[in-house]
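Notes follow once the structure below has been shown.
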Amino acid sequence: MDIEVLIENVLNALTAGITIGCIYGLMCIGLGLIFGIMKVVNFAQGELLMLGMFASLYLVTGGGVLAFLGPYIGPFVGAMLAGPIIFIVGAFLHKFLIGRVSGLRTAGSIDDGHFGQLIVTLGISLILQNGGMIVFGSTPVTVRTPLSSSAFQVGPIFGDATIFLNKAKLIACAVAIVTAIALYFLLEFTRIGKALRAAADNPTAATYMGIDVDKYYRMAFGLGSGITAIAGGLMATYLSFGSFIGFDYVIIMYSGVVLGGIGSIMGAFWGGLTVGFVQQFSALILPPQLQNAAIFIVFLAIVMLRPQGLFGRSAERA
Amino acid sequence: MLEIKNLSVSYGGLRALTDVSLTVGEKQFVTVVGPNGAGKTTLFKTISGVVKPVSGTISFMGRDLLAMSASDRAHLGIAHVPEGRQVFKTLTVRENLEMGAYPKSGRENWTRTLDRIHTLFPILAERAQQMAGTLSGGEQQMVAIGRGLACAPKLLMLDEPSMGLAPAVTDTIFERVSQIHKDGVTVLLVEQRVAEALELSDNGYVLETGHMVLEGPYQTLLADDRVRKSYLGLTE
Ligand SMILES: Nc1ncnc2c1ncn2[C@@H]1O[C@H](COP(=O)(O)OP(=O)(O)OP(=O)(O)O)[C@@H](O)[C@H]1O
Ligand SMILES: [Mg+2]
């Protein structure tokens with residue numbers, strides 16, 4: 010193979026890996042947050058991603074309230090606003106469904122409520138997939154922005170080898186990073202964040218401190234939903250989607266969360282980034298149908314070498 | 133201050149407490165002793181609200197505790213230092229104390245109480261940034277007590293603070309608890325180290341298989357044959 014072409018391909022896989030990986034990272038944080046705080050394995054996370062995409066779509070296109078922002082800014086503001094909207098959806102899902110099979114209600118029962126959670130979240134997932142098709146239609150859609158078909162050129166760097174940075178993905182990546190950092194500060198330094206972590210660590214003791222654990226779990230579920238929805242809104246600017254898209258990404262989310270280290274919320278970001286990288290690099294040598302297989306091979310390799318994940322750690326005394 | 137009347141608690145069909153009454157007066161130091169499985173921890177959990185009673189009443193400073201949710205009760209100034217410490221292992225020592233100060237009273241008095249906690253347990257200042265789960269058992273107990281104090285409580289409930297600790301550490305803990313009481317905090321203590329515990333108390337209760345079998349001031353309990361034999365190991 011021509012060396013210049015090879016270098017160009019590798020460099021572009023690298024930059025695409027970083028940009029897409031950051032968006033995946035944000036998506037994974039949503040799932041990681043829900044599992045990390047509430048210990049709920051949420052099979053409906055892919056559908057929250059899908060709802061984020063459609064929320065953004067309806068905000069920005071047609072007669073949407075954000076249509077006035079135009080096709081350059083609108084889609085990204087739409088993605089960010091999908092966050093609070095799906096936060097509310099998540100909080101309601103928790104109040105009426107998830108909360109009944111999780112938290113203090115099931116703490117100490119034989120399976121800690123996991124079987125109930127499995128059925129409830131799978132059920133929500135199926136209802137949203139099929140209900141979504143009825144409500145949103147079955148034609149794939151996308152949040153159109155001219156930025157997704159235009160790129161910054163860096164180079165030529167080596168001979169004719171040039172890096173193309175897709176503008177839509179670049180902005181989406183920036184929004185994802187800023188959102189992840191904001192969440193990090195929320196969890197690490199604010200009273201709400203510390204109370205969330207305390208409620209995750211020891212719900213009974215948190216109750217003794219006067220922390221309303223149920224309320225914080227609802228917030229965690231809403232936050233996890235909203236964060237993944239923002240990632241969905243961002244992805245909606247560069248791919249076409251329908252109500253079944255969640256299924257394709259739930260695998261990536263689980264791989265990212267496990268890679269990052271189960272329970273490590275920010276680790277999920279690095280896990281998602283790793284998955285994005287592997288996906289883009291495998292595209293160099295593998296046909297698209299095998300990309301998910303490549304993700305799993307790397308996934309299994311890392312899990313074999315480091316079962317606690319890349320960033321998993323133990324807080325127990327050695 | 134705290135008044136418990138005819139309290140009965142069951143786990144499923146299993147009775148853990150039967151018709152238990154107990155009173156803690158303002159600024160008092162009250163100790164509950166009893167063998168393993170007597171229901172001491174159950175009593176504390178029922179006061180805190182994580183276990184619901186079958187019957188009976190609990191009032192705290194004139195408020196009906198049973199009408200309030202568990203998390204709301206802490207905001208009245210009740211601090212529960214649970215059995216087995218139960219520190220937030222993945223939070224730092226400082227964050228543990230901050231979570232203790234979660235109620236309004238804790239936030240309003242934060243600088244003052246933090247000072248006081250550090251005076252009582254200087255190690256907590258030294259280890260402020262360490263993950264609480266990596267501390268030794270004795271240090272974790274100090275975190276648990278400090279966390280309880282952080283809400284500037286009116287009533288401090290301690291469930292076996294000496295559990296699993298070396299005698300020297302236990303002595304320190306008892307000495308600090310006594311200091312806390314002298315500073316004006318009402319204390320309700322559950323202990324297996326009966327002699328030391330009763331010595332500090334104004335009033336003691338003996339709980340056996342869910343029944344309060346004896347109550348009275350230190351001297352009365354000390355004079356009781358059963359207490360002398362079963363709890364103090366005295367044969368005379
Ligand atoms: N969650 C529970 N489910 C069922 N039974 C329980 C539960 N918790 C406690 N019990 C039972 O209630 C009784 C009282 O237990 P409790 O923990 O209150 O005793 P304790 O006096 O604190 O004992 P120890 O000195 O060993 O701490 C015991 O017989 C125990 O087996
Ligand atoms: Mg006990």
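If you read the sequences in order, they're chains A and B. To convert, count from 1 in the first sequence and add 9; that's the numbering used here. To convert, count from 1 in the second sequence and add 132; that's the numbering used here. Beta carbons: idealized from backbone N, C-alpha and C, even for Gly. This one's a predicted model, so the numbers in the text were calculated from it and none came from an experiment.
Using a beta-carbon distance below 8 Å, is B:ALA298 in contact with chain A? No, no contact with chain A.
Measure the Cβ-Cβ separation of B:GLY336 and B:LYS159 and say whether it is below 8 Å. Result no, Cβ atoms of B:GLY336 and B:LYS159 do not sit closer than 8 Å.
State whether the stretch 258 to 272 of chain A contacts the stretch 38 to 48 of chain A, with contact taken as three or more CB pairs (one from each stretch) at a distance under 8 Å. yes
Using a beta-carbon distance below 8 Å, is B:VAL182 in contact with chain A? When Cβ-Cβ separations below 8 Å define contact, B:VAL182 makes contact with chain A.
Alpha carbon of A:GLY83 to alpha carbon of A:VAL69, nearest angstrom: The C-alpha of A:VAL69 is placed about 6 Å away from the C-alpha of A:GLY83.
Could you give the residue range of the alpha helix (DSSP H) that holds A:ALA116? Segment: none, A:ALA116 is in no alpha helix (DSSP H) and carries neither H nor E.
Excluding the 5 residues preceding and the 5 following B:LEU281 in the sequence, name in chain order all residues of the same chain whose CB lies nearer than 8 Å to its CB. The answer, listed in chain order, is ALA211, GLY232, THR245, ARG248, ILE249, LEU252, LEU288, ILE312 and VAL317.
Looking at the secondary structure, which residues open and close the beta strand (DSSP E) in which A:PHE250 lies? Segment: none, A:PHE250 is in no beta strand (DSSP E) and carries neither H nor E.
List the residues that DSSP assigns as beta-bridge partners of B:ALA211. Beta-bridge pairing links B:ALA211 to B:LEU288.
State the beta-bridge partners of B:ARG96 as determined by DSSP. Not covered by the structure: residue 96 of chain B. The range shown for chain B is 133 to 368.
Report the three-state DSSP secondary structure of B:MET263 (helix, strand or coil). strand
Classification of A:GLU325 by the beta-carbon crowding that lies within 10 angstroms, buried from 16 upward: No answer about A:GLU325 holds up, because its pLDDT of 46 lies below 50 and its placement is not dependable.
Pick helix, strand or coil for B:ILE190, following the three-state DSSP scheme. strand
So what does DSSP say about B:ASP315, is it helix, strand or coil? coil
Length of the line joining the Cα atoms of A:VAL74 and A:LEU135: Answer to the nearest angstrom: the Cα atoms are 29 Å apart.
Where A:ALA277 meets chain B, residues with beta-carbon distance less than 9 Å: Result: empty, since nearest Cβ-Cβ is about 16 Å, beyond 9 Å.
If I follow the unbroken alpha helix (DSSP H) through B:PHE176, where does it start and stop? 172 to 180
Identified DSSP bridge partners for A:ALA170: A:PHE167
B:TYR337 - DSSP class collapsed to helix/strand/coil: strand
Say the cut is 7 Å; is the CB of B:THR163 nearer than that to a heavy atom of ligand 2? Relative to ligand 2, B:THR163 has its C-beta separated by 7 Å or more from all heavy atoms.
Under 7 Å from any heavy atom of ligand 2, by CB: list those residues in chain order, please. B:LYS172, B:THR173, B:GLU215, B:ASP291, B:GLU292 and B:VAL322
A:PHE173 versus A:LEU179: straight-line alpha-carbon distance, rounded: 11 Å
Using three-state DSSP, classify B:ARG195 as helix, strand or coil. B:ARG195 falls in the strand class under three-state DSSP.
Kindly list the residues whose CB is nearer than 6 Å to the CB of B:VAL359, restricted to its own chain and excluding five residues on each side of it in sequence; keep chain order. LEU353
If you measure from the beta carbon of A:ASN301 to each beta carbon in chain B, is any gap under 8 Å? No, A:ASN301 lies away from the interface with chain B (no Cβ there is under 8 Å from its Cβ).
Hey, is the stretch 249 to 258 of chain A in contact with the stretch 143 to 156 of chain A, meaning 3+ C-beta pairs nearer than 8 Å? yes
Applying the 10 Å Cβ sphere with the 16-neighbour rule, what's the burial state of A:MET313? A:MET313 comes out exposed.
Closer than 7 Å to a non-hydrogen atom of ligand 1 - does that hold for the CB of A:TYR337? In the structure displayed, chain A extends from 10 to 327; residue 337 of chain A sits before or after that span and is not available.
For A:VAL267, I'd like the list of residues in its chain whose CB is within less than 8 Å of its CB, leaving aside the five on either flank, ordered along the chain. GLY280, PHE308, VAL312 and GLY318
Are A:ALA189 and A:LEU35 close, meaning C-beta to C-beta below 8 Å? yes
Per DSSP, what kind of secondary structure is B:LEU330 in: helix, strand or coil? helix
Inter-residue CB distance, B:TYR363 and B:VAL165 (contact presumed, cutoff 8 Å): Indeed, because the Cβ distance is near 6 Å, the residues count as touching under 8 Å.
Within 10 angstroms of its Cβ, does A:GLY92 collect 16 or more other Cβ (buried), or is it exposed? buried
Classify B:THR163 as helix, strand or coil using the three-state DSSP reduction. strand
Could you check if B:ASN168 is buried or exposed, using at least 16 other CB atoms within 10 Å of its CB as the buried criterion? exposed
Three-way DSSP call (helix, strand, coil) for B:GLY348 in this model: B:GLY348: strand per DSSP, three-state reduction.
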